[in-house]
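Per this note's numbering, the very first residue in the sequence shown carries number 2; after that it's consecutive. Input: a single structure, listed below in structure tokens.
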Amino acid sequence: MINKKLVKKGATLALALALAVPALSPTAVNAQKNITVEAVKFNGMKAPSTIEEMVKTYTTATVDVKYSNGKVKTFPLSYNYLFKSEDKVATVKGKKIPAGTPIDVKGNPIKDPSSADGKYFVSDAPDSNSLMMPINGKLYMVTHYEYQTIDAAGKSAYGLVPASMSLTELEQDKKTGELKPAKVEKIDFSAVNGLWIPCNGSLSPWNTHLGSEEYEPDARLFLDPTSKVRSQVETFSQFYFGDKAKANPYFYGYTPEITVEKNGKTSVVKHYSTGRFSHELAKVMPDNKTVFYGDDGGNTGMFMYVADKAKDLSSGTLYAAKFKQIGTENGGSGDLQWINLGHATDKEVKAIIDSGITFNDIFETSDAPKEGFTAIKTYSNEGKVEYLKLKPGKEKAAAFLETRRYAAILGATTEFNKMEGVALNEKDKKVYIAISDQSKSMEKDSTGKDPADHIQLPKIKAGVTYQLDLQGGQKDSEGKAIHSSYVAPSMSGLVVGEDLKQADSFGNNANVDKVANPDNLSYSESMRTLFIGEDSGAHTNNYVWAYNVDTKELDRVLSVPVGAEATGLFAADDRNGFSYIFSNFQHPGDEVDAKSITAVNKDELLKAVDEQIGINKTGGIGYISGLPSLTNMPNFTAPDAPKVDKVTTKSKSITGTTEKDATVQVYNGKTLLGEAKANSKGKFTVKIEAQNAGTSLTVVAKDKAGNKIESTAIKVASK
């Protein structure tokens, strides 16, 4: 790897990784008070190159931390599993079931009817993690189980099986920060008609989990009883309600909010006033009112919500962006004009849904251009051009149930492709948004047949991560004030992928040393680092990257199993003095058989991933560990020099005392003769070969914090 300059930092730093903090004496603690972190530098890992490496989740990256006293400590990173989605760790009605098993409206685990022995469905797709701030002295984590890739018969089950979330109570080691699951429970969504494909999520500033429901079922196509959408929603409803007649596409496509109460119980609401589209993630701004969203899929939009009250997403105004292109350099750039779609409360929108409204109650349709109808092209209607006319008095229904379609009718841009994760850099007032695949609707329309062509950016299949500058004093498209200090007037490319003209020997279609298909984003304020997780078919193995926003340095910090996606990326800067980066993987081994791989034996690779994990059978939940706490400074005070017993020409060991658990080394000049670890009482014995009389030896000790203790010089006696 290229040598990196240290990233300058001030004050304390809460590094988002798991920690190991040695206990400090009162004197040592006082000595640390004025010490701060000055700089942090990731030293990235190489891409996996063997079958053994390609089938596991691992890291060999390290981090250098420079302190204000001039000392630098290097910490190796590692990956810690909490559990896999197939592990029977969740408790439902007194019975242990796999963590990734969904439950129905009555709270019962859902069985896979294609399984001969009546096994439960188990999602292989764990996604979002939110590690809550401590609640009543306990740590809780909410985790998504996004979908079921295949059933027991090997047939696609995507979008057919109700999705789920779990709440994990975590035990935290008070000395090391190590996390272990103490209790896992499934979250009840019966009050909101179940959960539809929850992709990414976020932790709100008021310590609730904001989930998602992406790829909302198309309410227009649902009206055709022979359509795939109708079959999908009815199958979902049969599994969840036990009654396909309860199927309603307008039940799904919103932001769920999960609150963990002081007693560890959960409550769930869906925020219907935030609009219905392919919710990838909702990210709340520092005002606790403004929210930015990812809208996943092809021909999608960019949406912003401004709540009426802080910390309350039950009522507010919804906006959609119109992209006005400026340039194509570094991925591209453009101005954003915000179009007001309307104001609503959750109660108002839910009342519209409960009235039994259908798509045909909101719009008139035409199969061809017609006076009074607007031509639009969105993710809905299978991406085909539609000619729609809003029915009288249906503005609110259109804005909040058919958000993307209505936005297109009003002139907003619905040409984004694979808009994924959203992250916030509070200090610099920037939002980061991932475009996983910049192609198709984001390219220039060469046919001239599309109703609009706002975006004409270069094709970059490997994707681009964009930055949006945030400002106050902005006005909407009609010149009315937007009541937020966090409105984005522009966006520009930040981290750009690189497509390859032909695949390399590992089957990669994008430069392996750059991000390909960014998806999950999570930003650490204390590290000034944007973490980027991949959902990449262009990389045979997907990675998590650390991008420093000041130095622009990019380092690979995690590799997940071949064919798997890196999900659940979550940087938690401080939990009881410890910090973490969570990252999961989902659908291991997926689509690897279609890749041209010659660097290793592909058949052996597939066999290894199937035997060690299971292809599309399970997913993993865990976190990167290895960093000491950077909110609590490590011990820099070296103890006194070790006390060494007499050494003679007959001695075959060096004995003495030093700090407990210190590592003791014996040198003859620069030659290491031996080393050993002191016991809990500080006693040590280092085995050596007998030395000649008069030989000068040096005994050196290092404590657990890595401080080198003052050395002791001795001479070998003749007797």
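Cβ atoms here follow ideal geometry from the backbone N, Cα and C, with glycine treated the same way. These figures come from a predicted structure and were not determined experimentally.
field: Rounded straight-line distance, which links the Cα of Glu403 to that of Pro114
entry: 34 angstroms
Simplified DSSP state of Pro589, which is helix, strand or coil: coil
- prompt: Do Lys661 and Asn680 have their CB atoms nearer than 8 angstroms?
  reply: yes
task: Report the residue ranges of all beta strand (DSSP E) runs contained in full by the region 641–683; include only those spanning at least 3 residues, in chain order.
output: 654–658, 664–669, 672–678
message: Can you confirm whether the region 523–532 touches the region 543–555 when touching is taken to mean that 3 or more C-beta pairs between the two stretches lie within less than 8 angstroms?
response: When Cβ pairs closer than 8 angstroms are counted between the two stretches, the region 543–555 is seen to touch the region 523–532, the count reaching three or more.
- prompt: Since Lys476 sits in a beta bridge, which residues does DSSP pair it with?
  reply: Ala482
field: Residue closest to Asn542, alpha-carbon to alpha-carbon, out of Val558, Lys553, Glu554
entry: Val558
task: Taking Leu728 and Tyr294 to be in contact with their CB atoms under 8 angstroms, please state how far apart those CB atoms are, rounded to whole angstroms.
output: No answer is possible for residue 728: the residues shown for the chain start at 2 and end at 720.
field: The beta strand (DSSP E) enclosing Thr379, as first and last residue numbers
entry: Unbroken run through Thr379: none, as it is neither H nor E.
- request: State the Cα-Cα distance for the pair Ile354 and Leu211, rounded to the nearest angstrom.
  value: 21 angstroms
- prompt: Whole-angstrom Cβ separation of Val423 and Lys284, contact assumed at under 8 angstroms?
  reply: 4 angstroms
- request: Measure the CB-CB distance between Ala511 and Gly498 and report whether it falls below 8 angstroms.
  value: It is a contact, given that the beta carbons lie within the stated cut-off.
- prompt: Under the rule that 16 or more other beta-carbon atoms within 10 Å means buried, what is Ser525, buried or exposed?
  reply: The residue in question, Ser525, is buried, as its Cβ has 16 or more Cβ neighbours within 10 Å.
- prompt: From the DSSP output, which residues share a beta bridge with Gly45?
  reply: Bridge partners of Gly45: none, in fact.
- request: Would you give the residue range spanned by the beta strand (DSSP E) that Val269 belongs to?
  value: 267–272
query: Which residues bound the beta strand (DSSP E) around Lys703?
result: For Lys703, the enclosing beta strand (DSSP E) has its first and last residue at 697–703.
query: Relative to the alpha-carbon of Glu566, which residue among Ile104, Pro49, Lys187, Pro127 has its alpha-carbon at the smallest distance?
result: Minimum Cα-Cα distance from Glu566 among the listed residues Ile104, Pro49, Lys187, Pro127 corresponds to Pro127.
- request: Can you give me the Cβ contacts of Asn693 inside the same chain, cut-off strictly under 8 angstroms, excluding the 5 residues immediately before and after it?
  value: Thr650, Val717
- prompt: Would a C-beta distance cut-off of 8 angstroms place Gln457 and Leu495 closer than the cut-off?
  reply: no
- prompt: Relative to the alpha-carbon of Thr301, which residue among His455, Val106, Asp556 has its alpha-carbon at the smallest distance?
  reply: Per the C-alpha coordinates, the member of His455, Val106, Asp556 positioned closest to Thr301 is His455.
- prompt: Alpha carbon to alpha carbon, what distance is there between Asn44 and Val700?
  reply: Distance between the alpha carbons of Val700 and Asn44: 32 angstroms.
- prompt: If we call anything under 8 angstroms between Cβ atoms a contact, is Ser381 one with Thr346?
  reply: no
query: Hey, quick one: how far does the beta strand (DSSP E) through Thr236 stretch, first residue to last?
result: From DSSP, Thr236 is part of no beta strand (DSSP E) but of the alpha helix (DSSP H) over 229–242.
query: Hey, which unbroken runs of the alpha helix (DSSP H) at 4 residues or more fall wholly within the region 348–372?
result: 360–363
- request: Could you tell me the distance, in whole angstroms, from the CA atom of Lys419 to the CA atom of Thr92?
  value: 36 angstroms
message: According to DSSP, simplified to helix, strand and coil, what is Asp556?
response: strand
- prompt: Using a Cβ-Cβ cut-off of 6 angstroms (strictly less than) and excluding sequence neighbours within five positions of Gln149, which residues of its own chain qualify?
  reply: Phe122, Ser124, Ala158, Val162
query: From which residue to which residue does the beta strand (DSSP E) around Asp574 run?
result: Following the DSSP letters along the chain, one finds Asp574 inside the beta strand (DSSP E) bounded by residues 566–576.
message: Could you compute how far the alpha carbon of Asn361 sits from the alpha carbon of Ala400?
response: 15 angstroms
query: Should Ala376 be flagged as near chain B, meaning a C-beta pair shorter than 8 angstroms?
result: Among the protein chains of the structure shown there is no chain B, as only one such chain exists.
message: Buried or exposed for Gly473, going by 16 or more other Cβ atoms inside 10 Å?
response: exposed
- request: Compare the beta carbon distance of Leu337 and Leu319 with 8 angstroms and say whether it is the shorter of the two.
  value: no
message: Closest to Lys428 by C-alpha separation, out of Ile410, Asp470, Gly373, Val667, would be which residue?
response: Asp470
query: Of all the options Ala48, Met46, Val56, which has the alpha carbon lying nearest to the alpha carbon of Val593?
result: Across the set Ala48, Met46, Val56, the C-alpha of Val56 shows the shortest separation from the C-alpha of Val593.
message: Please state whether the Cβ-Cβ distance between Pro250 and Asp219 is less than 8 angstroms.
response: yes
field: Identity of the residue in Ala308, Gly243, Thr375, Gly299 nearest Thr275 by Cα
entry: Ala308
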